[in-house]
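Per numbering that gives the first Met the number 0, the very first residue in the sequence shown carries number 0; after that it's consecutive. Even for Gly, the Cβ is constructed at its ideal location relative to N, Cα and C. Quick caveat: nothing in here was measured; it's all calculated off a predicted structure. Taking it in order: structure first as structure tokens, then the write-up.
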Amino acid sequence: MRRRGFIGALTAFLLLPARRVAQAVCNPSLVRLLEQGHDLVQIRPRRTPRLGDYFVQWFGHSSFLIHSGSRTKVVTDPNFNVTPGIQADAVTVSNDHNTHNNVGAVSGNPVILRGITLRQTWNPIRTSVRDITIVNIPSRRGLWWGGVANSIFIYEMGSLCLAHLGNMGHLLTTEQEKVLQKVDVVMMPIDAMTNLGFEDLLKVIEQVRPPIVIPMHYDAPRQADLFAGFVGDRYPVHRVKDSQLLLSRSMLPKSTEIFILTHPRRGLPWE
């Protein structure tokens, strides 16, 4: 699918037949768009446990655990470094490369939400898994891949909105920028090889202006050092002494800051 096909896929997302969504998401623009689409499917029965911590935990590469206050667990892009047996309620897959698609490593009979079909076209997701709302929008991995081949996932839990860019190989379109304009946390690929280079990543940050950017999609910890050195003059950089970041509205910076989580495999020979 060429650029025209990519824009067509995104336009189709915006113009789906009118029905009401079951749950709002953080960006008012996205709420209005989704109200023109299908009802969200309630996959898990709602419960009301005592609320705990909201956090994200990085497993390396592009894989995170997103944990809501009522202990709903969603794993993003599981790879071969994810500890086998980790339990989750759902798994999201941004693309079908084997470093993003190791769904067998996640236990607990999770719902598998694949953002891309076997034909490398966008697979629209709009659903709720307990108290986490999950939607996606089409994206591209890079010019040499063609077509869509990547899916940007957006997660709402409580009053927080997170976006996982997957393997995004382009600047945001106007439509994507509108959808992502109220995101609080962006998980952004920084390897600068199969994805965008540092200069273009800065442009994407400027497009979205999220309070928090979490670098991902790198395997050698020194890659984060290179990124930090490049963006450090533009944005504050925080080194988190853990692979986990607690989240709340009160801790969100007023403007963009970079939070580099400790690589879970620090100490490997290639450091």
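Following the DSSP letters along the chain, one finds Lys72 in no alpha helix (DSSP H) but inside the beta strand (DSSP E) bounded by residues Lys72 to Thr75.
Taking Ser127 as reference, the option from Pro83, Lys72 and Thr116 with the minimal CA-CA separation is Lys72. The shortest C-alpha to C-alpha distance from Thr172 to any of Glu155, Ala89, Val207 and Asp76 is the one to Val207. By the neighbour-count criterion, in which a residue is buried when 16 or more other Cβ atoms sit within 10 angstroms of its Cβ, Gln175 is buried.
For the pair Ser247 and Pro263, the CB atoms are not nearer than the 9 Å cut-off.
The closest CA to that of Gly231, considering only Ser249, Lys253 and Glu198, is found on Glu198. DSSP, reduced to helix, strand and coil, places Thr126 within a strand of the structure shown. In the DSSP annotation of this structure, the continuous segment of the alpha helix (DSSP H) that includes Ala227 starts and ends at Arg221 to Val230. When the five nearest sequence neighbours on each side are left out, the beta carbons in the same chain lying within less than 7 Å of the beta carbon of Arg233 are those of Leu201, in order along the chain. Classified as buried, Ser93 has 16 or more neighbouring CB atoms from the shown chains inside 10 Å of its CB. Your pair Ser61 and Met215 checks out as a contact, with CB atoms roughly 5 Å apart and the cut at 8 Å. Boundaries of the beta strand (DSSP E) harbouring Val239: Val236 to Val239, taken from the DSSP string.
By DSSP's assignment, Val92 forms a beta bridge with Arg113. Collapsing the DSSP output to three states places Ala87 in coil. Going by beta carbons, Ala89 and Leu112 fall inside the 9 Å limit.
In the three-state reduction of the DSSP assignment, Ala191 falls in the coil class, being assigned neither a helical nor a strand state. Pro77 is classed as buried because its beta carbon has at least 16 other beta carbons within 10 Å across all chains shown.
In the three-state scheme derived from DSSP, where H, G and I count as helix and E and B as strand, Ser242 is classed as coil. A distance below 6 Å between beta-carbons, with the five flanking residues on each side excluded, links Tyr154 to the following residues of its chain, in chain order: Ile65, Ile131, Ile133 and Leu161.
Here the C-alpha atom of Phe152 lies approximately 12 Å from the C-alpha atom of Val74.
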